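Going down the list, the sequences are from chains A and B.
Numbered as in UniProt numbering, the first sequence ends at 453 without a single skipped number.
Numbered as in UniProt numbering, the second sequence ends at 241 without a single skipped number.
Glycine residues also receive a C-beta, built at the ideal position from the N, C-alpha and C atoms.
Model, not experiment: these values are computed from the prediction.
Single-structure report; data block below.
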Amino acid sequence: MSSFKRKVSAKQAAPFPGTRTYLSSTITSTGIPSLDDILGGGLPLSCSSVILAPDPHSAYGELVQKYAIAQGLAWDHRVCVVDGDPDAFVRGCMWLPPTYEYAKPTSADTDEGDDAGNDGQDTIKIAWRYKQMKQFSTTVPADVKDSEQFCHTMDLTHRIPESIVAKATKNGTLSFVDMNTADSKGPSTTRVIDQLSALLQGTPVNPPAATTRPLRIVIPAFGAFQWGDITSEDVLVFLHSLRALLRHYPFACASITLSPHASTDAWGGAGWIQKIGWFSDAAITLSAFTGDPALSAAFPSHHGLLHIHTLPAPHTLLPPSDKLSVLRGLSPSAVSAGGGSGENNLAFKCTRKRLIFETLHLDVEGGIGERRTTPSTPMDIGTHVHEHSPNQTAPIPSASIAAVSVTLEASPVPAMPGATSPEVDVPSVTIEKPKKPKKRVAFHSDKPDLYDF
Amino acid sequence: MSTATMLLPFDLPNRSTFLVTDELFSPADFIIHSHVAAQAKDRSYRCLIVSMLPDVSRWKAIAAKSKLNIAEKVASGSITFIDVLPLIRPSRGEDSPRLHDLFDAVSSNLSRFNSEDSDVILDGISSLQWMGIPSKDVVRFHRAVRGLCRKFGSTLLIRHHVVTPTQPDDVFRMLLQLCTYHIDVRPLASGRSGAVSGEVTLYFGPSTRLIQGVQGNRRLQYRLSDNSAVFFERGMAGGIL
């Protein structure tokens, strides 16, 4: 018997469009390439992810769920939405631009603001030894390959067509669990688990379970008022039961966003977020800056911070994200390079066309295009009098005062006859730079449709 | 006469009660997996794993790298998984779930083993208190299982998730009194790192008998790989030296 072994790549052929395989795990895309990178390629089937969004003034957690729904429908995956008004929620999802083609960069791939900032930078002459270095980037591009169909690039400026929703609802691709019309007997969490269990049991499974059409369970606001008066114990029992269901039916995955009030330790008690992390495969917090103006001012180019609590590792001890994630910077290549042994700080921003997760860096002090430090206040030396000076009453000899003359090279001013000496005692010269008008956006409460720029 | 067991990274005597505490950033899965993989090579070894979520496919994938066929061991009865959730559902006429059925399942499996080299692993059962089961019942269950293990001469390994490291809960305090050795798995205080995954510290429990060669309060650092962990002294990681 030969001792040679064929070196098999960890990545194998995807069993279903919109999925990929890594270390015997079938992975689906969340719809956000940078979030896929953080999760270690995407959300594996048979796993659950919980998004904690404690800020009540924003809806970034629901936005992540809309991405998951749109991505599932675009790949013809089965999608089940559990919400108070699931139909309206799905109709508010984003969609692909009309001219979209897979594996071709679209306008949503490049942010409009980034393009403007990069103009002319490519032509800057720098030292030749730095030319081989890659351009600094804070996020990862969409990993689109013709051979591996995985993630469609959604555009937030486009809404999902009615025809897509109607067709998906008709052929059973899209199903709903409406919390408002559900039977009111028993706790809502138990009822939802029973309905999801029936849905999973009724799914026809091909002989290898991995080739079954994936099912995405999406819960945009778990714990909201539609769920009734549920306790922290109910939430944990639900998460644990759902996770057990997913392990039993490995063709499904679940993406859950906890409602804002349930996303903090104040609701579930000390260690609440840690408990959620133990009862789910992936748990992250999107801490938006909306409720904290100080953070918005400190990080003007981001809309919130991302905190990672746990990451999926369905078939390994080490989460694949630790090895594969570019944004987190824990990969062996980053460690061997010497500078990447610690985890990067992560943040997110929502541009006009997409939601992006990226590394968080402090701005360059002083800025590149504008002055960040406050300008020094002009000092009026002439009026300054040292009151504590012991010689303040004594006459100051003229020789002891520094003589300062101001002359203009272009047009010297001729001395007027009979005028006093051009020497002035202590001049006060203040040169004001022309200030660029700052861009301001104001919102009139009485005219909600008008913005004042 | 107790013999040495391979509870990595420490060489500790078996037929003891081990308490393994971990946190969300540093799960102690690697200790349990490496312990079972090392012990299961012995044909007479029997193991009962009582888990909140017995993920057999994950066990199979991780053990495959250690040349251990979990499916075969499960089929032969060497390794038995008990799923907690179906056994603690409240029956009709009862308001709260009870742990009697779970204890009966543990007892019947342990009596069936009939082996001198057997382990019972309670994997995160203490988190039942988060799901509404009174902590007093959880404490009684662990104490009863410990009594069973002493009766049958088995090694008991209890895994407890710590969610408030600065404020130990009542269940943790009680488990600490039960154990012979306490293995604490913690993340680095400085945050996640690619070179060091965390720290493992061995403490003696109240019922420890000092044995020559076993050094208490020993702290090691570890780095996880896909299927195992590498241990090293503090400050000896590849990225440091």
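Whole angstroms are fine: how far does the CA of residue j sit from the CA of residue i?
i: A/L324; j: B/G147; result: 45 angstroms
i: A/S296; j: A/S263; result: 21 angstroms
i: B/M236; j: A/A127; result: 37 angstroms
i: residue 454 of chain A; j: A/C80; result: The requested residue 454 of chain A does not occur in the structure, where chain A is confined to residues 1 to 453.
i: B/K41; j: B/T208; result: 28 angstroms
i: A/S255; j: A/I51; result: 8 angstroms
i: B/F30; j: A/G342; result: 22 angstroms
i: B/M52; j: A/Y249; result: 17 angstroms
i: A/H303; j: A/F348; result: 6 angstroms
i: A/P17; j: A/P56; result: 36 angstroms
i: A/F238; j: A/A244; result: 10 angstroms
i: A/G61; j: B/L12; result: 47 angstroms
i: A/L327; j: A/P320; result: 13 angstroms
i: A/P15; j: A/S58; result: 37 angstroms
i: B/A28; j: A/Q274; result: 15 angstroms
i: B/K65; j: A/S24; result: 13 angstroms
i: residue 315 of chain B; j: A/G268; result: In the structure as shown, chain B begins at 1 and stops at 241. Residue 315 of chain B is therefore absent and cannot be evaluated.
i: B/D226; j: B/S76; result: 27 angstroms
So, is residue i buried or exposed, given that buried needs 16 or more other C-beta atoms within 10 angstroms?
i: A/K66; result: buried
i: A/D155; result: buried
i: A/T99; result: exposed
i: B/Q39; result: buried
i: A/D292; result: exposed
i: A/N118; result: Reliability fails at A/N118, whose pLDDT of 48 lies under 50, so the model's placement of it is uncertain and the value that follows must be treated cautiously. Counting Cβ neighbours within 10 Å, A/N118 comes out exposed, since fewer than 16 surround it.
i: A/L362; result: exposed
i: B/T166; result: exposed
i: A/T157; result: exposed
i: B/Y45; result: buried
i: A/Q71; result: buried
i: B/D123; result: buried
i: B/V185; result: buried
i: A/S29; result: buried
i: A/R78; result: buried
i: B/V230; result: exposed
i: A/V413; result: Low confidence applies here, because A/V413 scores a pLDDT of 48, under 50, leaving its location unreliable and the question unanswered by this model.
i: B/F113; result: buried
i: A/A166; result: exposed
i: A/A168; result: buried
The ligand GDP and residue i: does the residue's C-beta get closer than 6 angstroms to at least one heavy atom of that ligand?
i: A/I27; result: You won't find the ligand GDP in this model; it holds no ligand whatsoever.
Who pairs with residue i in a beta bridge, going by DSSP?
i: B/F18; result: B/L157 and B/Y181
i: A/T310; result: A/A283
i: B/I79; result: B/C47
i: A/Y67; result: Looking at the DSSP assignment, A/Y67 forms no beta bridge with any residue, so it has no partner.
i: A/K167; result: Per DSSP, none; premise fails for A/K167.
i: A/K349; result: A/I356
i: B/D204; result: In the sequence on display, residue 204 of chain B carries Phe and not Asp. Bridge partners of B/F204: B/Y181.
i: A/I51; result: A/T257 and A/I284
i: A/Y249; result: Bridge partners of A/Y249: none, in fact.
i: A/P44; result: A/I27
i: A/V82; result: A/V177
Would DSSP call residue i helix, strand or coil?
i: A/D229; result: coil
i: B/F152; result: helix
i: B/G198; result: strand
i: A/G342; result: strand
i: A/H303; result: coil
i: B/R46; result: strand
i: A/M94; result: strand
i: B/V120; result: strand
i: residue 457 of chain A; result: With chain A covering only 1 through 453, there is no way to say anything about residue 457 of chain A.
i: B/R89; result: coil
i: B/R209; result: coil
i: A/T189; result: helix
i: A/A415; result: Its pLDDT being 48, under 50, A/A415 is placed unreliably in this model, and the value from its coordinates should be taken loosely. In this structure, A/A415 counts as coil in the three-state DSSP scheme.
i: A/I32; result: coil
i: A/H315; result: coil
i: B/A63; result: helix
Open item on the list: Under 8 angstroms: do the stretch 12 to 19 of chain B and the stretch 47 to 66 of chain B share three or more Cβ pairs, one atom per stretch?
Closed with: With a cut-off of 8 angstroms on Cβ pairs, the stretch 12 to 19 of chain B is not in contact with the stretch 47 to 66 of chain B, counting fewer than three such pairs.
TODO: Could you tell me whether the stretch 73 to 87 of chain A touches the stretch 277 to 288 of chain A, where touching means 3 or more Cβ pairs closer than 8 angstroms?
DONE: In the pairwise beta carbon analysis, the stretch 73 to 87 of chain A is classified as not touching the stretch 277 to 288 of chain A: fewer than three pairs are separated by under 8 angstroms.
Task: Segment contact, 8 angstroms Cβ cut-off, at least three pairs: the stretch 182 to 200 of chain B with the stretch 132 to 149 of chain B - done: Contact between the stretch 182 to 200 of chain B and the stretch 132 to 149 of chain B is absent, because fewer than three Cβ pairs lie under 8 angstroms.
TODO: For the stretch 147 to 161 of chain B and the stretch 103 to 123 of chain B, state whether three or more C-beta atom pairs, one from each stretch, are separated by less than 8 angstroms.
DONE: The answer is yes - the stretch 103 to 123 of chain B touches the stretch 147 to 161 of chain B, with three or more Cβ pairs under 8 angstroms.
TODO: Examine the Cβ distances between the stretch 160 to 174 of chain B and the stretch 191 to 199 of chain B and report whether three or more of them are shorter than 8 angstroms.
DONE: Of all C-beta pairs linking the stretch 160 to 174 of chain B to the stretch 191 to 199 of chain B, fewer than three are shorter than 8 angstroms, placing the two stretches out of contact.
TODO: Would you list, in chain order, the members of the stretch 44 to 64 of chain B that have their beta-carbon closer than 8 angstroms to a beta-carbon of chain E?
DONE: Protein chains A and B are contained in the structure displayed, whereas chain E is not.
Open item on the list: Count Cβ pairs between the stretch 216 to 223 of chain A and the stretch 257 to 275 of chain A that sit closer than 8 angstroms; are there 3 or more?
Closed with: The stretch 216 to 223 of chain A, when compared against the stretch 257 to 275 of chain A, does touch it at the 8 angstroms Cβ threshold.
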